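Chemist:
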Amino acid sequence: MKITIVGLGEVGRCYAQALANTTTAQLLLCEQRIAPAAQTLADNIGVPIHSSIGAWLADSDCVLSCVVGTQSLEVTRECLAHLKPGALFADLTTAAPERKRIAAEEAAQQQIDYVDVAIMGAIAYLREQTPLLCAGAKADALVELLNAAGARARALPASQPGDAITLKILRSVFTKGMEALAVEVLLAAERQQLRGALYEVLADIDQAPLPAFLEMLVSTHVVHATRRLHEVEDAERQLASLGIASSVLGGVRQRFSHSSQGLAVEPISEEKPSLDQALAWLGRHTPAA
Numbered sequence: 000m001k002i003t004i005v006g007l008g009e010v011g012r013c014y015a016q017a018l019a020n021t022t023t024a025q026l027l028l029c030e031q032r033i034a035p036a037a038q039t040l041a042d043n044i045g046v047p048i049h050s051s052i053g054a055w056l057a058d059s060d061c062v063l064s065c066v067v068g069t070q071s072l073e074v075t076r077e078c079l080a081h082l083k084p085g086a087l088f089a090d091l092t093t094a095a096p097e098r099k100r101i102a103a104e105e106a107a108q109q110q111i112d113y114v115d116v117a118i119m120g121a122i123a124y125l126r127e128q129t130p131l132l133c134a135g136a137k138a139d140a141l142v143e144l145l146n147a148a149g150a151r152a153r154a155l156p157a158s159q160p161g162d163a164i165t166l167k168i169l170r171s172v173f174t175k176g177m178e179a180l181a182v183e184v185l186l187a188a189e190r191q192q193l194r195g196a197l198y199e200v201l202a203d204i205d206q207a208p209l210p211a212f213l214e215m216l217v218s219t220h221v222v223h224a225t226r227r228l229h230e231v232e233d234a235e236r237q238l239a240s241l242g243i244a245s246s247v248l249g250g251v252r253q254r255f256s257h258s259s260q261g262l263a264v265e266p267i268s269e270e271k272p273s274l275d276q277a278l279a280w281l282g283r284h285t286p287a288a
């Protein structure tokens, strides 16, 4: 099997090394701007680097596209011009879901199997063990290939290209929001010498599975948004008194304010609405972007 890796940044080098160490596949490498780290890798595994995509790609059975997200669609199109029908094209970039869907449609027109791959962690820390989520009709085939090289890939059942990167973005909404909140709350706790005590009063959150906790927050939000809005305002004032200008709570206050205004127009009749009822209500009372 011939496997081509296009893009020899951190991600491309990681999987090139893993494939070279653990499989008998013939590797081909491509990088327009060859950095010293890429050249060192190529020298170590004994594989030359092509400086551009071209006819040499025609014999490849699989391509791993590891370029930056802004170049994803352009690189995919360049590769499709040379790949043979039945080849597998794996897009490991951070391109937007709609761009991956366009790329998948164009690949299908040429009988190329396109798989959307989302890297669900930091390659710098876990290397090839970083979890990968794969979406598309041939996701299982790609998972088998990657896992044989020591990766931790899994296929998203009944998925289409774009689904994996969409889930990565949704995960980022949660994790980056939590990160920003953690910065502010721990800074505030530290300034009041209450960090240890804070962990204790947060301990109950650890007792529930994360999905159940998230669903509880949303289903109770549509009942108690107005009261909780006042708590958010109190929290803003407390941080301000500590000399911390919150970058997060302004947006939190706006979210609660929208819901509070919605409750004034359409009160929730159920004392304990289900998650589906809460999401439906929020869909009617969330301003469009």
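Per numbering that gives the first Met the number 0, the sequence shown starts with residue 0, numbered consecutively. Glycine included, each C-beta is placed from N, C-alpha and C at the ideal position. Predicted model only: the values in this text are computed from it and were never measured.
1. Do the segment 156-168 and the segment 124-140 meet, that is, are 3 or more Cβ pairs less than 8 angstroms apart?
2. In three-state terms, what does DSSP make of residue 2?
3. State the CB to CB distance for the pair residue 92 and residue 114, rounded to an integer number of angstroms; the pair is presumed to be in contact (CB under 8 angstroms).
4. Pull up the DSSP beta-bridge partners for residue 130, would you.
5. So if DSSP puts residue 118 in a beta bridge, which residue, or which two residues, is it bridged to?
6. Is the segment 78-90 touching the segment 133-147 in the sense that three or more CB pairs, one from each, lie closer than 8 angstroms?
7. What three-state label does DSSP hand residue 46 in the structure shown?
8. Measure the C-alpha to C-alpha separation of residue 174 and residue 143 and round it to an integer number of angstroms.
9. Per DSSP, what are the beta-bridge partners of residue 113 in this structure?
10. For the alpha helix (DSSP H) that residue 74 lies in, which residues bound it at each end?
11. Could you give the distance in angstroms between the alpha-carbon of residue 83 and the alpha-carbon of residue 48?
12. Beta-carbon separation of residue 57 and residue 75 under 8 angstroms?
Modeler: The short version:
1. yes
2. strand
3. Residue 92 to residue 114, Cβ: 12 angstroms. No contact.
4. 151
5. 131
6. yes
7. coil
8. 29 angstroms
9. 88
10. 71-79
11. 21 angstroms
12. no
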